Amino acid sequence: MKTRITELFGIEHPIIQGGMHYVGFAELAAAVSNAGGLGIITGLTQRTPELLAKEIARCRELTDQKFGVNLTFLPSVTPPDYPGYVRAIIEGGVKIVETAGNNPQKWLPALREHGIKVIHKCTSVRHALKAESIGCDAVSVDGFECGGHPGEDDIPNMILLPRAAEELKIPFVASGGMADGRSLVAALALGADGMNMGTRFIATKEAPVHDKVKAAIVAASELDTRLIMRPLRNTERVLSNDAVQRLIDKERTLGENLKFEDILPEVAGVYPAIMQRGEMDAGAWSCGMVAGLIHDVPTCKELIDRIMAQADELIQGRLARMLKQ
Ligand SMILES: Cc1cc2nc3c(=O)[nH]c(=O)nc-3n(C[C@H](O)[C@H](O)[C@H](O)COP(=O)(O)O)c2cc1C
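Quick note, our numbering runs 19 ahead of the 1-based positions in the sequence shown.
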């Protein structure tokens, strides 16, 4: 399949693995890239720029295909060493960066000067247009369904993607709720040039997370995610568990008086316990509604091959047959 996204990034299939905290290590990024998609290392999961440089080098040992690095710009009292991370990306020879969170404008000149393509993840058409206007090469449009931070507008992809297609000139991928060949064909029909998946890639053999995380995703239905931190305007979609229920109770009780400090035990620094040690109730972790469509733990290659075969059958089989009658 040839789309503006496969052309832009020089990849075989229009499928991207979005940056994921404590999931997007070299093993997963390399497996996705080796399967013909675009794997992405999560920059900030590496505690220092030096560690990111090592992770990039490790990924290069695992694949000779292109891969990217995610840089998430979060509001923070003590911001991470972003100039250092950008330097590690440039010096590591990475040619694709996925930015997310705040406006990446400040970092674009340095990245572009080194021939790095930037895909910015946004949750609204206005942010996507902003990304286009500041010179991003593509955007990843994250609908309300998505795991992680869906923003505050609550527009699902069935509306958000065609709206993005109406307004954008640069190519975009559909993100949030994408799982299989049906998702890909639907995303293309709605105007996207590919798709980005988060939750689906966690439930793969190569994802370097505890088996209990993969089992939790397979066991979950589309009804099992919750939105947290809405009162803080930092909404996150997470898988429901004891910690999340506790957090939601606090949100209910404290109402408008809720502060970030009130929920620290449920959200701060919980990822290593969950993702690496499989302590499934240690805190809140991002997960999409798409969990309801995830029923197995294939390899990345099996998953991507299956997606492309299903998309092919849908386009040339089911949909084409409808037109022939
Ligand atoms: C466990 C987890 C951690 C994530 N961490 C990040 C992150 O650090 N930075 C980021 O930009 N997006 C992050 N995301 C969002 C994904 O990159 C992607 O946009 C999202 O998962 C797409 O929705 P889906 O889960 O329905 O496929 C995370 C998602 C999950 C599930």
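Note that the Cβ used here is the ideal one computed from N, Cα and C, for glycine as well.
What you are looking at is a predicted structure, and each value in this text was computed from that prediction instead of being measured.
Beta-bridge pairing of residue 118 - partner residues as DSSP gives them: Here residue 118 is taken as the residue at index 99 of the sequence shown, counted from 1. Under the DSSP definition of a beta bridge, residue 118 partners with 90, 139.
Of the residues 203, 148, 58, 149, the one placed nearest residue 333, counting alpha carbons only: Your numbering for residue 333 matches position 314 in the sequence shown. If we check each option's Cα against that of residue 333, 203 comes out closest.
Applying the criterion that 16 or more other CB atoms from any shown protein chain within 10 Å of the CB defines a buried residue, is residue 86 buried or exposed? Here the question's residue 86 lines up with position 67 in the sequence shown. With 16 or more Cβ atoms within 10 Å of its Cβ, residue 86 is classed as buried.
By the 10 Å Cβ neighbour count, where 16 or more other Cβ atoms means buried, how is residue 178 classified, buried or exposed? Working through the sequence shown from its first residue, we reach residue 178 at position 159. Per the 10 Å Cβ criterion, exposed.
For residue 100, which of 70, 127, 112 has the nearest alpha-carbon? Your numbering for residue 100 matches position 81 in the sequence shown. Taking only the C-alpha atoms, the option nearest residue 100 is 70.
Would residue 173 and residue 192 qualify as a contact pair, given that the criterion is a beta-carbon distance under 8 Å? As a first step, residue 173 must be located in the sequence shown, where it is residue number 154. As a first step, residue 192 must be located in the sequence shown, where it is residue number 173. Their beta carbons are not under 8 Å apart, which means residue 173 does not touch residue 192 by this criterion.
Can you tell me whether DSSP reads residue 157 as helix, strand or coil? In the sequence shown, counting from the first residue as 1, residue 157 sits at position 138. Here DSSP, grouped into helix, strand and coil, assigns residue 157 to strand.
Could you have a look at residue 144 and say whether DSSP puts it in helix, strand or coil? Residue mapping note: residue 144 aligns to position 125 of the sequence shown, counting from 1. Of the three classes helix, strand and coil, the one that applies to residue 144 here is helix, per DSSP.
Residue 87 CB to nearest heavy atom of ligand 1 below 7 Å: Within the sequence shown, residue 87 is the residue found at index 68, counting from 1. Taking the Cβ of residue 87 as the reference point, every heavy atom of ligand 1 lies at 7 Å or farther away.
Is the number of C-beta pairs between the segment 320 to 340 and the segment 243 to 256 that are closer than 8 Å three or more? By the Cβ rule, the segment 320 to 340 does not count as touching the segment 243 to 256, because fewer than three pairs are nearer than 8 Å.
Would DSSP call residue 295 helix, strand or coil? The count along the sequence shown starts at 1 and reaches residue 295 at position 276. Correct three-state label for residue 295: helix.
Locate the alpha helix (DSSP H) running through residue 103, then write down its first and last residues. Residue 103 sits at position 84 when you count from the first residue of the sequence shown. From DSSP, the alpha helix (DSSP H) with residue 103 extends over 101 to 110.
Would you give the residue range spanned by the alpha helix (DSSP H) that residue 275 belongs to? Taking the first residue of the sequence shown as position 1, residue 275 is located at position 256. Unbroken run through residue 275: none, as it is neither H nor E.
Cβ of residue 219 within 8 Å of Cβ of residue 313? Numbered from 1 along the sequence shown, position 200 holds the residue referred to as residue 219. Numbered from 1 along the sequence shown, position 294 holds the residue referred to as residue 313. Taking 8 Å as the cut-off, the Cβ atoms of residue 219 and residue 313 count as close.
Helix, strand or coil for residue 164 per DSSP? The residue you call residue 164 lines up with position 145 of the sequence shown. Residue 164 falls in the coil class under three-state DSSP.
Would you identify the three-state DSSP class for residue 66, choosing helix, strand or coil? Position 47 of the sequence shown holds residue 66. The answer is coil: DSSP assigns residue 66 none of H, G, I, E or B.
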